[in-house]
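Residue numbers (my numbering): 150 to 788.
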């Protein structure tokens, strides 16, 4: 019976430890190959080629006896070719792959290493010990994908091609979303390193219950992929080679090629997975449509794409959304963590879309929207973003429960009927839980505002005003005994755009006026500048930060005149003062989760945002109560 440590079986603890060691080795190996002057785009090929050769028993036994580096390189390349031939891959595909592997016998960093650098034999020894043993022990894991991420994270080679490799816990999540079965036919039209196919293979084989004939059938006939990039294709094929017999089903070419479409359709896929190239001349929706078109009726398509796809309500992307919903159904969209692709050094906000193939979107069909921004993973400086605390498994189970049961849960999921011209994201439809707002939230906003005033010498109260300060009647100051109502921002404030587009180009440093920008600290103060009356925004208004990485969705109260970036909007109301304004800022903070680098806080969204406020006997916002409440709190004497 397995021993459990903190909820994990002993073998899982060991696996986790070995995995962390593997991550550490990937960094070590990357540095060693850099020192040997092996180019970034060749490093994963070196790993894959050595692993393929080590799979050959003759090479495994004999390579240590080959002392000449050139001869060893030749033996390595010839073994790779022989291994690929026995796998049933077509001759022209093998020739293409071998063009990529030739460097193993010609690169001077391997054949004639500089003094102090590792030899080819030493690299083979280390890869056998650190990687091959892990592959043999823990099958069905996209090792090559992880090494590819590590090797290219400091170059522009991957992002220049639009390649963003999916983290392994998400490739596994895809298979759980569709509950992939041994009978499924799985296709990835943007295969990359075959991460989705490897994960699907693992899940399918787990469900074979030891049926070896069924396992062999899955590997040979149930997993298909297409990869266009010449330098990535060998990684996809070699990855499948290392995990079984599915490698011959990776096609080299474009998924839009008519012959490839015909061939894939003939296989009758029931599941398609994809992470299409980002920021290329082909829209991500075109790849989704391509994946949907080859599906069998009622088949499932799961894609991870930039959030901007989900938010499109006009232009070419709207036309693609309309085209898709005419023939297919949008089952779900999950908003994913902002730092999901941190290990690839890519900053992009993404979502996962789930479709049902060849069933037009029903008029009254609700789509599930998940706000899945916390997957339990986090970053460490030297190791990247991983599941260090083993939270992912429990989080994933909850996500899957909410999706499969179409369950609404505060802060996590909501269902809505949407159309092509709707925003496809949870942020647009979830209701904010205002029961979580507390006195400490208001006090924190006040402390930050007081710090800003003192650091910038802005309207600091004099001693006499502090002496004359009076606190309001405590009977008025309970948040819970008030009546509340939702108000749109457009009903509360007259919102205008700030006027300055580029402070560094248009303004000179000076002491005349504050320049406010897309900054969440110090109340948005960037610097003090010289006065330009044409660019001034009046004070006593609430500023909304509409753009800017890390600060989108934040609001500040600006008590005095300022110059603000055009990434900002400012709202005014004659009833506004520093007290009730800070009450509004604290309340607006609860809406900040709706906005990110992928979903801007533009004028339309600001005006349509609804916040819950206390009301007076006539049903209007109770400006006086909001003022009195703030006045009753600690630090208010310094406002």
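We put the beta carbon where it would ideally sit given N, CA and C, even for glycine. These figures come from a predicted structure and were not determined experimentally.
According to DSSP, what are the bridge partners of residue i?
i           : result
residue 711 : 686
residue 694 : 717
residue 643 : 721
residue 335 : 372, 420
residue 745 : 748
residue 519 : 483, 562
residue 636 : 760
residue 364 : Answer by DSSP bridge pairing: none, since residue 364 is not bridged.
residue 505 : 449, 478
With residue i as the anchor, note down where its alpha helix (DSSP H) starts and where it stops.
i           : result
residue 598 : 588-605
residue 399 : Unbroken run through residue 399 is the beta strand (DSSP E), 399-401; no alpha helix (DSSP H).
residue 257 : 257-260
residue 552 : 541-553
residue 276 : 269-276
residue 431 : No alpha helix (DSSP H) holds residue 431; DSSP gives it neither H nor E.
residue 490 : No alpha helix (DSSP H) contains residue 490, which DSSP labels as neither H nor E.
residue 648 : Looking at the DSSP string, residue 648 is not in any alpha helix (DSSP H), and its letter there is neither H nor E.
residue 629 : Premise fails: residue 629 is in no alpha helix (DSSP H) and is neither H nor E.
residue 443 : First-last for residue 443: undefined, no H or E at that position.
residue 735 : 727-738
residue 510 : Counting along the chain, residue 510 falls outside any alpha helix (DSSP H), and DSSP gives it neither H nor E.
residue 793 : Nothing in the structure corresponds to residue 793, since the chain is present only between 150 and 788.
According to DSSP, is residue i part of a helix, a strand, or is it coil?
i           : result
residue 479 : strand
residue 383 : helix
residue 305 : Low local confidence applies: a pLDDT of 44 at residue 305 is under 50, so the model's placement there is unreliable, with the coordinate-based value given in what follows. It is coil, neither helix nor strand.
residue 450 : strand
residue 485 : coil
residue 773 : helix
residue 499 : strand
residue 705 : strand
residue 225 : helix
residue 296 : helix
residue 676 : strand
residue 426 : coil
residue 238 : coil
residue 291 : coil
residue 662 : strand
residue 529 : strand
residue 186 : coil
residue 317 : helix
residue 458 : helix
residue 174 : helix
residue 438 : helix
residue 157 : Unreliable positioning characterises residue 157 in this predicted model, as indicated by a pLDDT of 47, which lies under 50. The coordinate reading is nonetheless provided below. In the structure shown, residue 157 sits in a strand (DSSP, three-state: E or B).
residue 668 : coil
residue 232 : helix
residue 166 : helix
Less than 8 Å between the C-beta atoms of residue i and residue j, yes or no?
i           : j           : result
residue 297 : residue 384 : yes
residue 505 : residue 534 : no
residue 519 : residue 541 : no
residue 759 : residue 701 : no
residue 350 : residue 314 : no
residue 202 : residue 177 : no
residue 687 : residue 728 : no
residue 424 : residue 341 : yes
residue 691 : residue 730 : yes
residue 755 : residue 722 : no
residue 358 : residue 374 : no
residue 344 : residue 294 : yes
residue 467 : residue 575 : no
residue 745 : residue 595 : no
residue 222 : residue 260 : yes
residue 346 : residue 204 : no
residue 247 : residue 386 : no
residue 571 : residue 747 : no
residue 469 : residue 435 : yes
residue 484 : residue 517 : no
residue 367 : residue 354 : yes
Let's see if you can read the secondary structure: which residues bound the beta strand (DSSP E) around residue i?
i           : result
residue 579 : First-last for residue 579: undefined, no H or E at that position.
residue 762 : 759-763
residue 533 : 533-535
residue 283 : Run containing residue 283: none in the beta strand (DSSP E); it sits in the alpha helix (DSSP H), 282-286.
residue 794 : Because the chain spans 150 through 788 in this model, residue 794 falls outside it and cannot be assessed.
For the ligand FMN, I want to know if residue i counts as a neighbour, meaning its beta carbon is within less than 7 Å of at least one of the ligand's heavy atoms.
i           : result
residue 183 : Annotation note on the ligand FMN: not contained in the displayed structure, which lists no ligands.
Problem set entry | Complete runs of the alpha helix (DSSP H) confined to the region 191-220 [at least 4 residues] | Within the region 191-220, the complete alpha helix (DSSP H) runs of at least 4 residues are 206-211.
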